[in-house]
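Student: Taking my numbering, the leading residue of the sequence shown gets 10, the next gets one more, and so forth. A single structure is presented below for examination.
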Amino acid sequence: MGAGQTCPRFNMAVLQGKSLRKTFPGVVALDDVDIQLSSGRVHALVGANGAGKSTLVKILTGYYEHYEGQVFIDGRPVSLRSPMNAFSNGIEVVHQEVDIELVPSLTVAENLYLEAFATGHSGTVVRSRQLRKKASEDLARIGFPLPVDAKVDELPLHEKQRLVIARALLRNVKFLILDEPTASLSLLEADKLFDLVEDLKNRDVGILYISQRLDEVARVADEVTVLRNGKVVAHFDFVPQLEEIVEAMLDSPQEELFPKKEKRDFGDVVLKVEGLKWRNRVKGVDFSVRRGEILAITGLTGAGKTETLKLIFGALKPDSGEVFLEGRKLKIREPFDAIKMGIYLTPEERRKEGLILDKPARENISLPFLKKLSRSLGVISKTQEVQYAKRSAEKVRLTPMDVERQAQYFSGGNQQKIVVGRWLSGNPKVLLMDEPTQGVDIGAKREIYQLITEIARNSAVVIATSEINEAVGIGDRILVMRDGKVVYEVDRSEANTQELLSYAAGVKS
Ligand SMILES: Nc1ncnc2c1ncn2[C@@H]1O[C@H](COP(=O)(O)OP(=O)(O)OP(=O)(O)O)[C@@H](O)[C@H]1O
Ligand SMILES: [Mg+2]
C-alpha cells in the first residue's frame, strides 16, 4: 500500500507547487507545472536532459528569487525565495551539482553542521574535537561512514555526494529532494541509499526523487511525474511500465540501447599500462588495449578506476609504473603531454575538471589548450574551430543546440554531453572516458554509445563505469577493479553481470 494515504498520520504534510513557471532569456525552462509531495511518499520526477527537472528543484529549494506560481505547505502559501526560506520550511535538497552546497576548504565534520554555524544555534556550535566526535557518531548512526577530518576538496566525487546526503538526513527534514542522487554511486551504495529512502518514508518524510536510471524509479517510487520541454506530460499514481515512461519522456518508443556488436578483429596494442601505482588507491595495475577495442573497467566507486585513468592522462603523477603508446614508453608529466600524443580523457567531475563554466560551449568543446596546440601544428583554423564545435554538438544532440551559450546555462546532462563531445570529432589514439553517461538521458545515451563504437574503429577506448550493465553493453573486454587492483577480466561474450558484481563487491576473488 502507498504509505500514509488512507490512514492519516500525525506528521502528515503536503507540499504543493501550483502553476510554476520559470523563464530564462530565450528559454521557457518550466511552464505551468503542478507538483505535489506528501509525507511518506516518494514522488519520482523524470524527463530527458533539459526537461526542467533541476529548475523545479531549484524553485522548491529557494534557489531563485524570481519565478511565477505559488508553493503551498498544508494549504498555506509559503514564500520560497531564498535557501533559508526552504530550510526553515523543512525542505532539504541534494543538488545534481553536489559541489554547490559544500565549502571545499572545510572538513567533512565542519560541512556536516554548516547550517548550525550559519544560523548561530550556539548549542550546536562546538569545539573541533567534539565536532569530530559528533560527526563520527551521527554518521555511524545513519550508516554513512566518511573520513570526518578530510578536507572536502580532497574527497572523491562519490564521497562528496554521500556527505551532502548525510547532511540532509541529519537535519530535521520534512521534504527531501534528491536530484540524481545515485549518479556517482555504485550499485551497492545505491542500495544503501534506497534503504535510507525507505526508512525516511517510514518517518513520514515526503521525497522528490529525480533520476535518469529508470530501474531505480521503479524500485523507489510511489508515483511518477514526467516532464517534457518544461511541461508535465504525464502523471501516474503508481509506477507504470518503464516503456511507458520512456515514451512519455522522449515522445518516441524505445530502441535498443547498446549498438549491436559485429565480431571483428582488433589491431595492434595501442595502449599498455604496467605496474601503475599511486598512494594506497592504485596498487599495481596492468592492462593493454588494442586498436578497435573498447575496454570497460568496472568496480565500485573508490575502487581506483578514476585514479587509473588520471594516471595515464598525467592528471596524477604515478609513484611507479609505465605507460606505453604503440610500443613506445611515454614520459607524461601533465595532461598537455598526453593530449599531444593523442591520449584524451573525459573526466568524471565535469563541473570542476571538465568545463569552464562561464565560457561558451564552443570554447569548451575546443578548449584553449587544444586550440593552442592545433595552431602550432597548423591543424585547425578559427572557422574550423566553430565547425568542429558544431559538429560535436550535433553528434551528442546538445540541447539547446547553441554553441555560443555559456556552459553553466546548460542542464546537467547537457554539460556532460559537452565534455563527451569534445573529443568525438578529433582523432584520438586513446580515448579514456570516466563515467561517460552519468546523468545523461536514455535517448542521448544511445547516441553516445553509438559514437563510442564509431570512435573505437580507429582508436583504443577505455571506459570506466560503475554501471555493470554499461560495462557489459559497451565493452569488448571487461576488467573489474577492487581496492586498487584488477581482480577479474572477462571477454564480453562470456561476461555475466552477477559474476562481475561478485568480484566488484569482493564476494569472489
Ligand atoms: N541559468 C540558466 N540560464 C539559462 N538557461 C537555463 C538556466 N538554467 C537552466 N536553463 C535551461 O532550462 C532548461 C531546463 O534545464 P534543467 O536544468 O531544469 O533540466 P533538467 O531536466 O534538470 O536536465 P538534466 O537531466 O540534464 O539535468 C534547459 O533548456 C536549460 O538549458
Ligand atoms: Mg538536472
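We put the beta carbon where it would ideally sit given N, CA and C, even for glycine.
Should TYR218 be counted as a contact of ligand 1 given a C-beta to heavy atom distance under 8 angstroms?
Tutor: No, since every heavy atom of ligand 1 falls outside the 8 angstroms radius drawn around the Cβ of TYR218.
Student: Which residue from ASP188, ALA324, LEU46, ALA22 puts its Cα closest to that of GLY61?
Tutor: It is ASP188.
Student: Quick check: the Cα distance between THR317 and VAL291, rounded to an integer number of angstroms?
Tutor: So the two alpha carbons sit approximately 7 angstroms from each other.
Student: With H, G and I counted as helix, E and B as strand and the rest as coil, what does DSSP make of MET10?
Tutor: Because MET10 sits at a pLDDT of 38, beneath the cut-off of 50, its placement in the model cannot be relied upon, and the following sentence gives the value as read from the coordinates. In this structure, MET10 counts as coil in the three-state DSSP scheme.
Student: To the nearest whole angstrom, what separates the beta carbons of ILE374 and TYR397, a pair I think is in contact under 8 angstroms?
Tutor: Contact flag correct, Cβ pair sits at about 7 angstroms.
Student: Could you have a look at TYR512 and say whether DSSP puts it in helix, strand or coil?
Tutor: It is helical.
Student: Less than 7 angstroms between C-beta atoms, sequence neighbours within five positions excluded: which residues of the same chain meet that for PHE245?
Tutor: Hits under 7 angstroms: GLU232, VAL233.
Student: Determine the DSSP secondary structure at ALA38, reduced to helix, strand or coil.
Tutor: Three-state DSSP puts ALA38 in a strand.
Student: Please confirm whether any heavy atom of ligand 2 lies closer than 8 angstroms to the CB of LYS62.
Tutor: The answer is yes for LYS62.
Student: I need the straight-line Cα distance from TYR512 to THR315, nearest angstrom please.
Tutor: Roughly 18 angstroms between the two C-alpha positions.
Student: Using the Cα positions of GLY435 and VAL282, report the straight-line distance between them to the nearest angstrom.
Tutor: Each residue's alpha carbon lies about 23 angstroms from the other.
Student: DSSP three-state call for LEU280: helix, strand or coil?
Tutor: LEU280: strand per DSSP, three-state reduction.
Student: With LEU178 as the anchor, note down where its beta strand (DSSP E) starts and where it stops.
Tutor: Here LEU178 belongs to no beta strand (DSSP E); instead the alpha helix (DSSP H) covers 166-179.
Student: With ARG9 as the anchor, note down where its alpha helix (DSSP H) starts and where it stops.
Tutor: The structure shown does not extend to residue 9, since the chain spans only 10 to 518, so no value can be given for it.
Student: Kindly examine ligand 2 and report whether one of its heavy atoms sits closer than 8 angstroms to the Cβ of GLY301.
Tutor: GLY301 Cβ: outside cutoff for every heavy atom of ligand 2.
Student: Straight-line CA distance for GLU503 to VAL242?
Tutor: Rounded to the nearest angstrom, the two C-alpha atoms are 41 angstroms apart.
Student: Taking the alpha helix (DSSP H) that ASP213 falls in, what are its first and last residues?
Tutor: No alpha helix (DSSP H) contains ASP213, which DSSP labels as neither H nor E.
Student: Whose C-alpha, out of VAL429, GLU302, ASP208, is nearest the C-alpha of TYR150?
Tutor: Strictly speaking, residue 150 in this sequence is Arg, with Tyr absent from that position. Looking at the Cα atoms, ASP208 is the closest of the given residues.
Student: Report the residue from GLU394, ALA312, ASN58 whose alpha carbon sits nearest the alpha carbon of LEU197.
Tutor: With distances taken between Cα atoms, LEU197 lies closest to ALA312.
Student: With distances taken between CB atoms, is the gap from VAL499 to ILE487 smaller than 9 angstroms?
Tutor: Closer than 9 angstroms, so yes.
Student: Can you give, in chain order, each stretch of the alpha helix (DSSP H) that sits fully within the stretch 444-515 and has at least 4 residues?
Tutor: Runs of the alpha helix (DSSP H) inside the stretch 444-515: 451-464, 477-483, 506-514.
Student: Tell me whether ASP108 counts as near ligand 2, meaning its Cβ is closer than 8 angstroms to at least one heavy atom of that ligand.
Tutor: No, the Cβ of ASP108 stays beyond 8 angstroms of every heavy atom of ligand 2.
Student: Is it the case that the CB of GLN425 approaches a heavy atom of ligand 2 more closely than 8 angstroms?
Tutor: No.
Student: With a 10 Å radius around its C-beta and 16 neighbouring C-beta atoms as the bar for buried, classify HIS75 as buried or exposed.
Tutor: Answer is exposed; the Cβ neighbour count stays below 16.
Student: Could you round the C-beta distance between ASP328 and TRP287 to whole angstroms and report it? I think they count as a contact, below 8 angstroms.
Tutor: Right, the Cβ-Cβ distance comes to about 6 angstroms (below 8 angstroms), so this counts as a contact.
Student: Which first and last residues belong to the beta strand (DSSP E) in which GLU101 is found?
Tutor: Start and end: 100-103.
Student: Would you say the beta carbon of THR307 is closer than 8 angstroms to some non-hydrogen atom of ligand 4?
Tutor: Ligand 4 is absent from the structure shown, which contains only ligand 1 and ligand 2.
Student: Can you give me the start and stop residues for the alpha helix (DSSP H) that ILE68 sits inside?
Tutor: Residues 62-69.
Student: Hey, quick one: how far does the beta strand (DSSP E) through GLU331 stretch, first residue to last?
Tutor: Segment 329-334, the beta strand (DSSP E) holding GLU331.
Student: In terms of residues, what are the limits of the alpha helix (DSSP H) holding VAL226?
Tutor: It spans 223-229 - the alpha helix (DSSP H) in which VAL226 sits, taken as one unbroken run.
Student: At 3 residues or longer, what runs of the beta strand (DSSP E) sit wholly inside the stretch 344-380?
Tutor: Here the runs fully enclosed are 352-355.
Student: Here's a check: name, in chain order, each residue in its chain whose Cβ is nearer than 7 angstroms to the Cβ of ASP260, leaving out the five neighbours to either side.
Tutor: Counting only Cβ-Cβ distances below 7 angstroms, and skipping sequence neighbours, we find ARG237.
Student: What's the C-alpha gap between GLY11 and LEU251?
Tutor: Confidence is the limiting factor: at GLY11 the pLDDT is only 41, short of 50, which leaves the residue's position unreliable and the question unanswerable from this model.
Student: Count the other C-beta atoms from every protein chain shown that fall within 10 angstroms of the C-beta of GLY26, then say buried if there are 16 or more, exposed otherwise.
Tutor: Its Cβ being crowded by 16 or more others within 10 Å, GLY26 is buried.
Student: Determine contact between the stretch 166-182 and the stretch 29-46, defined as no fewer than three beta-carbon pairs at a distance below 8 angstroms.
Tutor: With a cut-off of 8 angstroms, the stretch 29-46 and the stretch 166-182 do not count as touching, because too few Cβ pairs lie within range.
Student: Is it true that the CB of VAL496 sits closer than 9 angstroms to the CB of VAL489?
Tutor: Yes, these two residues count as a Cβ contact at 9 angstroms.
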